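*Asks:*
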Amino acid sequence: MNIQILPNWFKKVALITFIVSYIIVGFDSFIDGVVDGFIGQPYEYSEVAKSQRMLDFVGSKTVLNYLEIVALLSIIAYVITKEKVEDDYIKILRLESYQLSFTIIIFVGIVFILFDKDELFGLFDSITLFLWLYLIIFFINKRKD
107 MNIQILPNWF KKVALITFIV SYIIVGFDSF IDGVVDGFIG QPYEYSEVAK
157 SQRMLDFVGS KTVLNYLEIV ALLSIIAYVI TKEKVEDDYI KILRLESYQL
207 SFTIIIFVGI VFILFDKDEL FGLFDSITLF LWLYLIIFFI NKRKD
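Following the working numbering, the numbering of the sequence shown begins with 107 at its first residue and continues without gaps.
Next comes the structure, spelled out in structure tokens:
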């Protein structure tokens, strides 16, 4: 089975896109946490928090949601790019990494369904965790052999 995947140079594009979009999205959440911790009240009631939010910079919450999607798509693009040397061994490593990542995510999902009453772990978090887990397992297996 020969699956068409993106060329190797696309790794750099995907990585830069991911870093930029994730920093913008993460900075907004970081400011929310810092302001809530220092002031002790939700950021809606704080003028300091309103002035320091990344939301003011990017325009709206919709833009931040789109940037989350761009970050997720750039991780997916990074995952499906070719290695410099793409052989059968790399294909086997990819398959094993997908299998192990999927198994771990299913287990984590079941645990969160049982114990997470507030449902803080959503679909976006699950997909992001799956892709990060895949990348970690793939690189560990690649370096190990």
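Where is the CB? At the ideal position from N, CA and C, for every residue including glycine. It should be emphasised that the depicted structure is a prediction, and the values quoted were computed from it without experimental measurement.
#1: Report yes if the C-beta of Thr187 is less than 8 Å from at least one heavy atom of the ligand MN; otherwise report no.
#2: Is Trp238 near Ile198, with beta carbons less than 9 Å apart?
#3: Whole angstroms is fine: what's the gap from Val119's alpha carbon to Ile125's?
#4: If you measure between the beta carbons of Ala177 and Ser127, is that distance less than 9 Å?
#5: If the criterion is Cβ atoms closer than 9 Å, does the pair Ile130 and Leu179 meet it?
#6: Reducing DSSP to helix, strand and coil, say where Lys117 ends up.
#7: Closer than 7 Å by C-beta to Ile210: which residues in its own chain qualify, once you throw out the five before and the five after it? Chain order, please.
#8: Could you tell me the distance, in whole angstroms, from the CA atom of Ile242 to the CA atom of Ile122?
#9: Quickly, what does DSSP pair Thr168 with across the bridge? List them, please.
#10: I'd like to know whether the C-beta atoms of Lys190 and Asn114 end up nearer to each other than 9 Å.
#11: Alpha carbon to alpha carbon, what distance is there between Thr234 and Arg171?
*Replies:* So, from the listed chains and residues:
#1: Because no ligand of any kind appears in the structure shown, any question about the ligand MN cannot be addressed here.
#2: It is not a contact, given that the beta carbons lie outside the stated cut-off.
#3: Roughly 10 Å separates the two Cα atoms.
#4: Yes. Within cutoff.
#5: No. Outside cutoff.
#6: Helix at Lys117.
#7: Apart from the 5 residues on each side of it in sequence, Ile210 sits with its Cβ closer than 7 Å to the Cβ of Leu239 in its chain, given in chain order.
#8: Taking the straight line joining both Cα atoms gives about 18 Å.
#9: Bridge partners of Thr168: none, in fact.
#10: Taking a C-beta distance under 9 Å as the contact criterion, Lys190 and Asn114 qualify as a contact pair.
#11: First, the residue type needs correcting, since residue 171 is Asn and not Arg in the sequence shown. Going from the Cα of Asn171 to the Cα of Thr234 covers about 14 Å.
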